[in-house]
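Per my numbering, the very first residue in the sequence shown carries number 207; after that it's consecutive.
All residues carry an ideal CB built from backbone N, CA and C; glycine is no exception.
Please read these numbers as outputs of a predicted model, since none were measured by experiment.
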Amino acid sequence: MKDIMPVNGAFEMMALPYDAETLGVISSNTLSFHHGKHLKTYVDNLNKMLSGSGFEGLPLSDVVKRSEGALFNNAGQVLNHTMYFEQFGAANHQPIGKISELINRDFGSVETFQKEFEAKGATLFGSGWVWLSLNAEGRLVITQEANAGNPLRGGLTPLLTFDVWEHAYYLDYQNRRADYLSALWQIIDWSVIDGRL
Ligand code: MN
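Listed below in structure tokens is the structure:
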């Protein structure tokens, strides 16, 4: 996982690495609110709260691991959304490379992994994130995190995440969170996930 550093004392808005019209299973309307409004607010709040916090100049992962309260909520949401938006793309929609080997070793098959991941997302009560991470023993684990939670705080290396806050899917899928979760596999670029190992 590559770290995100502040530039001149402030974290920057990440740019979408694809055209917002092209994802299909997430509409450009959802993306414009989710990236342009929700993430922007988290970035702005984080930058306001950094001043005087003792976390100035540190990488975002350090802020996420060690801060609390409102600062943590905004730092976590900036990191989580950056990882979420960066993992989509037009190619590599099946696991490749090392991540493919690990999924088959630890879950038996890609299909079994995807079903378990979707179930963890569907059963997360309220707002949060479902994650695929690497644990200290080098095994893949799926975890649920409430609100702004990130597996870094539990000593895991986060690799893949689906946002299950309603703002991520409500305009396109209304209450059908399970349909949103199963559709996301169509736009995951597994070269990004493999690169986070
Ligand atoms: Mn979100």
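Worksheet entry | Bridge partners - residue 363, DSSP secondary structure assignment | 340
Worksheet item: Can you give the beta carbon distance from residue 210 to residue 288, rounded, assuming they're within the 8 Å contact cut?
Response: 7 Å
Discussion item. According to DSSP, is residue 210 part of a helix, a strand, or is it coil?
Written reply: coil
Worksheet item: Going along the chain, which residues of its own chain have a beta-carbon closer than 7 Å to the beta-carbon of residue 253, five neighbours each way excluded?
Response: 216 and 217
Fill in: Closer than 7 Å: residue 369 CB and nearest ligand 1 heavy atom
yes
Practice prompt. Kindly indicate the opening and closing residues of the beta strand (DSSP E) around residue 347.
Written response: 346-352
Worksheet item: Nearest to residue 375 by alpha carbon, out of 366, 334 and 350?
Response: 334
Item to complete: Going by CA-CA distance only, name the one from 316, 292 and 291 that's closest to residue 302.
Response: 316
Item to complete: Jot down the residue ranges of each uninterrupted beta strand (DSSP E) in the stretch 285-347, minimum 3 residues, whole runs only, in chain order.
Response: 334-340
Worksheet item: Out of curiosity, what's the CA-to-CA distance linking residue 381 and residue 321?
Response: 19 Å
Worksheet entry | Cβ pair residue 362, residue 308 closer than 8 Å | no
Discussion item. So if DSSP puts residue 216 in a beta bridge, which residue, or which two residues, is it bridged to?
Written reply: 213
Item to complete: Compare the C-beta of residue 267 against all C-beta atoms of chain B and say whether one is closer than 8 Å.
Response: No chain B appears in the structure shown, which is made up of a single protein chain.
Item to complete: For residue 331, count neighbouring Cβ atoms within 10 angstroms of its own Cβ and tell me buried if that reaches 16, exposed if not.
Response: exposed
Worksheet item: For residue 244, is the beta carbon positioned less than 7 Å from some heavy atom of ligand 1?
Response: yes
Worksheet item: Can you pull the DSSP bridge partners for residue 369?
Response: 335
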